[in-house]
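S.K.: Quick one: this structure, given as structure tokens, is what I'll be asking you about.
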Amino acid sequence: MRDLAHRIDLNEIPDYVHHGVNVGQHALSGTLRFFSRGHLPPTPEGEAVLRRYFEAALITQEVTQSVINVLQPKVAVYNHGIYVPHGVISDVARSNAIRVVTWNVAYKSKCFIFSHDDTYHHTLIEEPTSVWENISLDGKLDKELDAYLKSRWYGTSDWIWFHDQPQHSLKAIEDEIGIDFTKPVVAALTNVFWDAQLHYKANAFKDMLEWLQTTIAYFGTRTDLQLAIRIHPAEVRGAIPSKQPLVEEIRKLFPELPANVFIIPPESQASTYSLCEGSNAVIIYGTKTGVEMTAKGIPVIVAGEAWIRNKGLTLDADTPENYLRLLEKLPLDSRMNEAQVSRARKYAYHFFFRRFIPMDFVNEDKASPPYKIEPPTAETLLPGGDIGLDVICDGILRRTPFIYPAEVQ
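Residue 10 is where the sequence shown starts when you use this note's numbering, and the numbers rise one by one after that.
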């Protein structure tokens, strides 16, 4: 394996398939995450690290198959389900008809996301609308949703948060970047470049940078509109800060931006929520913010594989040509109508309260891992002791949906 990893042509690695598993793609994903970049750096270090990840992926494939041959497990449960080793383990397990369960920490405090068969990055896009569109949001649930959505402005209910002191004034945004909110504004929200490359397959565009290039060029022809590009704060505040900053990538493509295009850099404390509320419409690539914006009635155009896509709530682009046709509709005449907002709020409740499974005995910790498991009594771990834990255990053992029944609690 080491010999193969060192002698194979570098350009052949991303598409290399070993015993039915695309180990090359997993190796590339791990390498991009290691470098925190959307593209492999054209350096000796870039090649060396890719070859090491490729070797690791090959070894993971062989070891996982050997373990399966010996243990013959019925279910495989592990974190994330992408990168090396977890992405390789997923593919090998599925190729052996072994049921797969993946999990990750959710944004909301004390909550986790579990998914059957694949990483949640994919399953949340493909989830049937029938599991949430018949939810009845009464007064109590409506208030719970409103309270949580407002808390997202400040991060008070989350353990994943990217602002220190968010500024919620449109005037502050105007002063910072020179935009004029008395004229039509369209907001464009990015992901972290390397994150968008790894978590979401491209849809209308090859990657997020191509989307941004197309978007900026188009708005350069629309002097009746202003485009505000909000670079994701996680570029500088995330667990793995980006080493391929989008501001620099945009500057390479557009040494001089069109006069009606403005950039809010990742270090800015400007509130993304205030920006969106002051905009005619919001364009997203893969950010979850689309879930929140539609719940507030703000129209959203989706250019990539965002979770809000395919829910009957957004304007979804499938090709660059289709995307440009959607942009031609701007500025929109109105916000989303009452029926659309009602549907969007059902999905937002499902996403934040049902797919985010709470476990009250898991507490935040500043160490690594960033949480402690502290059940108050042994009975808490028994069936009926914690509803969230019951949902997780039943899902793993019986393949029931990983949906927390928040609406009946």
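Even for Gly, the Cβ is constructed at its ideal location relative to N, Cα and C.
Suppose you measure from the CA of A205 to the CA of Y129; what does that come to, to the nearest Å?
M.R.: The residue labelled residue 205 in the question sits at position 196 within the sequence shown. The residue labelled residue 129 in the question sits at position 120 within the sequence shown. Confidence in A205 is poor, its pLDDT being 47 and thus under 50, which makes the residue's placement too unreliable to answer from.
S.K.: In this structure, what does DSSP give as the bridge partners for V86?
M.R.: Translated into positions along the sequence shown, residue 86 becomes position 77. Looking at the DSSP assignment, V86 forms a beta bridge with V110.
S.K.: Is it true that the CB of A196 sits closer than 8 Å to the CB of L284?
M.R.: Against the sequence shown, residue 284 aligns to sequence position 275. Against the sequence shown, residue 196 aligns to sequence position 187. In contact: L284 and A196 (Cβ atoms closer than 8 Å).
S.K.: I believe A304 touches A357 by the beta-carbon criterion, under 8 Å. Please report the beta-carbon distance rounded to the nearest angstrom.
M.R.: Your numbering for residue 304 matches position 295 in the sequence shown. Your numbering for residue 357 matches position 348 in the sequence shown. Sure, about 4 Å apart at Cβ, within 8 Å.
S.K.: Since K355 contacts E153 with CB under 8 Å, what's their CB separation in whole angstroms?
M.R.: Looking up residue 355 in the sequence shown gives position 346. Looking up residue 153 in the sequence shown gives position 144. Between E153 and K355 the Cβ distance is about 13 Å, and since that is not below 8 Å, they are no contact.
S.K.: How far does the beta strand (DSSP E) with Y380 in it reach, from first residue to last?
M.R.: Stepping through the sequence shown from its first residue, residue 380 is reached at position 371. Where Y380 is concerned, the enclosing beta strand (DSSP E) stretches over Y380 to I382.
S.K.: Looking at the structure shown, is E373 part of a helix, part of a strand, or coil, going by DSSP?
M.R.: Counted from its first residue, the sequence shown places residue 373 at position 364. Correct three-state label for E373: strand.
S.K.: Compute the Euclidean distance between the alpha carbons of N372 and P384, then round it to the nearest angstrom.
M.R.: Within the sequence shown, numbered from 1, the residue matching residue 372 stands at position 363. Within the sequence shown, numbered from 1, the residue matching residue 384 stands at position 375. If you take the alpha carbons of N372 and P384, they lie about 10 Å apart.
S.K.: What is the rounded straight-line gap between the Cα of S178 and the Cα of A315?
M.R.: Residue numbering aside, residue 178 sits at position 169 when the sequence shown is read from its first letter. Residue numbering aside, residue 315 sits at position 306 when the sequence shown is read from its first letter. About 27 Å.
S.K.: Excluding the five sequence neighbours on either side, which residues of its own chain have a C-beta within less than 7 Å of the C-beta of I134, listed in chain order?
M.R.: For the purposes of this step, residue 134 is identified with residue 125 of the sequence shown, where counting begins at 1. E314, W316, R318 and N319, listed in sequence order.
S.K.: Give me the residue from A36, L67 and G306 with the minimum Cα distance to V58.
M.R.: Against the sequence shown, residue 58 aligns to sequence position 49. Ranking A36, L67 and G306 by Cα distance to V58 puts A36 first.
S.K.: Please report the straight-line C-alpha distance between F233 and I188, rounded to a whole angstrom.
M.R.: In the sequence shown, residue 233 corresponds to position 224, counting from 1. In the sequence shown, residue 188 corresponds to position 179, counting from 1. The residue you asked about is not Phe; residue 233 is Asp in the sequence shown. Each residue's alpha carbon lies about 13 Å from the other.
S.K.: On the DSSP bridge assignment, give the partners of G242 in chain order.
M.R.: As a working mapping, residue 242 is identified with position 233 in the sequence shown. The displayed chain sequence assigns Pro, not Gly, to residue 242. The partner list for P242 (beta bridge, DSSP) is empty, contrary to what the question assumes.
S.K.: Would you decide whether V30 is buried or exposed? Buried here means 16 or more other CB atoms lie within 10 Å of its CB.
M.R.: As a working mapping, residue 30 is identified with position 21 in the sequence shown. It counts as buried.
S.K.: In terms of DSSP beta bridges, what is H27 paired with?
M.R.: The residue you call residue 27 lines up with position 18 of the sequence shown. V30.
S.K.: Would you list the one or two residues that DSSP bridges to C120?
M.R.: On the sequence shown, residue 120 is found 111 positions in, with the first residue counted as 1. Paired residues: P367.
S.K.: Taking contact to mean at least 3 C-beta pairs separated by less than 8 Å, is the stretch 293 to 312 in contact with the stretch 254 to 262?
M.R.: No, the stretch 293 to 312 is not in contact with the stretch 254 to 262.
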